[in-house]
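Protein chains in written order, with this note's numbering: chain A, 445 to 716; chain B, 445 to 716.
Ideal placement from N, C-alpha and C gives every residue a C-beta, glycine not left out.
Just so you know, these numbers come straight off a predicted model, no measurement behind them.
Heads up, the thing below is written out as structure tokens.
Below, the structure is given as structure tokens:
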């Protein structure tokens, strides 16, 4: 039951535990040789439930570790009874912030990922609806209200990135597939109508043809669509389109959705 | 330029800064009277860029505070030159983890939200594709491979929750709108074909009719679809459907997407 390479990590929270999981996964990237077993314990909001958690942790495999984001200060005080080491995230940082900000904190459970700020929450849902309705050029008539419009080849990450930007940041993120007519040599002199006037809100995703072929192969094995020749031709035509229209480019070949989204957002903020 | 109620919070990272932002926003929920101004500084990967950040922070409005998630230990050492208070997230926790785990950390920048574990990343993208293809009952033929199928009235949060589960947890999350035929009194004796055999993978979302009417009103003002009478009738019929088929219910009236997703996930993990 005991394997030092596979620590049991309990993500303990009086809310969703999203902050605990985000932080713990981040920290464990610094220990690449360890393969932690993750245990999520969200919505632990009473001393009784916390005591039950401690029993479970104690009787489970070892080594074990608790990463706790308990907003409630009374509950946090109970962490001293925890039978295994604890990373008490709020305990450590909230006190620090109180000192720095010169303001006492107000300990209330489970606020971080609740509806919280209604205006901000509603905007995220609205943005997500907008993004779903403007995915892959489904609707192009009101791109003018978009915060950002991603361009790129099919399967270059436009849709996941748009959804991420909408869901997490409340950005009205649309995406537009560049179809052959947009890219045809004698048509390139004309900017596609839906994209006119969007200026710096356009971001042109690029991707290495080899990587694009690999992704498409996973979707439609052996197809012309997934062939390296086809991917090369599309990437070249798209590149030319970006250059003609001076659309800022972002190479996503080695980037995750989160990294693409962060770079897109940084550019939009830089434009303001 | 100085407003103690509006501290300037710089989210400094050598990666995306997602961990820094998640943690900082969580911590500031404990200071509801403050209205922090957020400044994102992702991908700061050299001592030179860090020094530029320090100048910017120093010359900007005060009070200011840096929340740093620098994975690189050399860069982290530079934080001692920061002209304003720093919450050094990795510094504090990584050392603690080293002691607890008895293993030295390996400091490499920007790993937390990169592609990282390819298998896990690819699964998330696959899950997102699946979810988009199985949103709102678009495709019902292969619900059998779903990890979870959310049921509920139109605008009860099925789509955003499915997308969240797929994007963040790599769950194949489908959703199925209960149409009038599914709910017709003489049809209720028959489980809709696509849902048969899914057992505990079905989750029935419920919502207070008043809240549903309010959400729908935002989408289609003054419509029959948004009327309280219509919402009441649908919610009652759906409730009856869940009870007939003993589908576990989840009331989402006061929950955020993150909270719904966490509860759904906890149930699935409880079933294993």
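Any C-beta of chain B under 8 Å from that of residue 638 of chain A: no
Residue 578 of chain A - DSSP class collapsed to helix/strand/coil: coil
Short Cβ contact (8 Å threshold) for residue 599 of chain A with residue 524 of chain A: no
Inside the segment 462-503 of chain B only - beta strand (DSSP E) runs reaching at least 3 residues: 481-485
Sequence-distant residues of the same chain with beta carbon closer than 6 Å to residue 651 of chain B, five excluded per side: 600, 696, 697
First and last residue of the uninterrupted alpha helix (DSSP H) at residue 612 of chain B: 602-613
Chain-ordered chain B contacts of residue 700 of chain A [CB-CB under 7 Å]: 557, 558, 559, 565
Where the segment 491-504 of chain B meets chain A: residues whose CB sits under 7 Å from a CB there: none
Beta-carbon proximity check, residue 491 of chain A vs residue 522 of chain A, cutoff 8 Å: yes
Inter-residue Cα distance where the pair is residue 405 of chain A and residue 610 of chain A: Limits of chain A in this structure are 445 at one end and 716 at the other, which puts residue 405 of chain A out of reach.
Segments assigned beta strand (DSSP E), at least 3 residues, entirely inside the segment 527-556 of chain B: 530-532
Three-state secondary structure assigned by DSSP to residue 595 of chain B: strand
Limits of the alpha helix (DSSP H) - the one that residue 518 of chain B falls within: 517-521
Among B:626, B:605, B:622, B:595, nearest to residue 645 of chain B - alpha-carbon criterion: B:595
Buried versus exposed call for residue 634 of chain A [16 or more other C-beta atoms within 10 Å across all chains shown]: exposed
Assumed close pair residue 587 of chain A, residue 618 of chain A - CB separation to whole angstroms, cut-off 8 Å: 5 Å
Limits of the alpha helix (DSSP H) - the one that residue 433 of chain B falls within: The requested residue 433 of chain B is not part of the displayed model; chain B covers only 445 to 716.
Whole-angstrom distance between residue 573 of chain A and residue 562 of chain A, CA atom to CA atom: 16 Å
Whether residue 691 of chain B touches residue 622 of chain B by CB criterion (8 Å): no
Cβ contact (3+ pairs, closer than 8 Å) linking the segment 458-468 of chain B and the segment 460-470 of chain A: yes
Among B:707, B:504, B:642, nearest to residue 457 of chain A - alpha-carbon criterion: B:707
Buried/exposed call for residue 582 of chain A, threshold 16 Cβ in 10 Å: exposed
Same chain, Cβ closer than 7 Å to residue 580 of chain A, neighbours up to 5 away in sequence not counted: 603, 619, 621
Interface flag, residue 551 of chain B vs chain A, CB-CB below 8 Å: yes
Strand pairing of residue 457 of chain A, partner residues [DSSP]: A:513
Segment limits, alpha helix (DSSP H) that includes residue 683 of chain A: 672-689
Cβ of residue 481 of chain A within 8 Å of any chain B Cβ: no
Per-residue burial, residue 589 of chain A [other beta carbons within 10 Å of its own, 16 or more giving buried]: exposed
Closer than 7 Å at the beta carbon, the chain A residues around residue 540 of chain B: 531
Exposed unless 16 or more other CB atoms sit within 10 angstroms - verdict on residue 450 of chain B: exposed
is_contact[residue 608 of chain A, chain B] using C-beta, thresh 8 Å: yes
Alpha-carbon spacing of residue 665 of chain B relative to residue 606 of chain B, whole angstroms: 26 Å
Cross-chain neighbours of residue 703 of chain B in chain A, by beta carbon under 7 Å: 460, 557, 558
8 Å contact criterion, which residue 638 of chain B and residue 688 of chain B should meet: CB distance rounded: Their Cβ separation, rounded to whole angstroms, is 17 Å, which puts residue 638 of chain B and residue 688 of chain B out of contact at 8 Å.
Listed by chain order, chain A residues near residue 475 of chain B by CB distance under 8 Å: 541, 545, 547, 549, 550
Near-chain B residues of the segment 611-623 of chain A (beta-carbon distance less than 7 Å), N- to C-terminal order: 611
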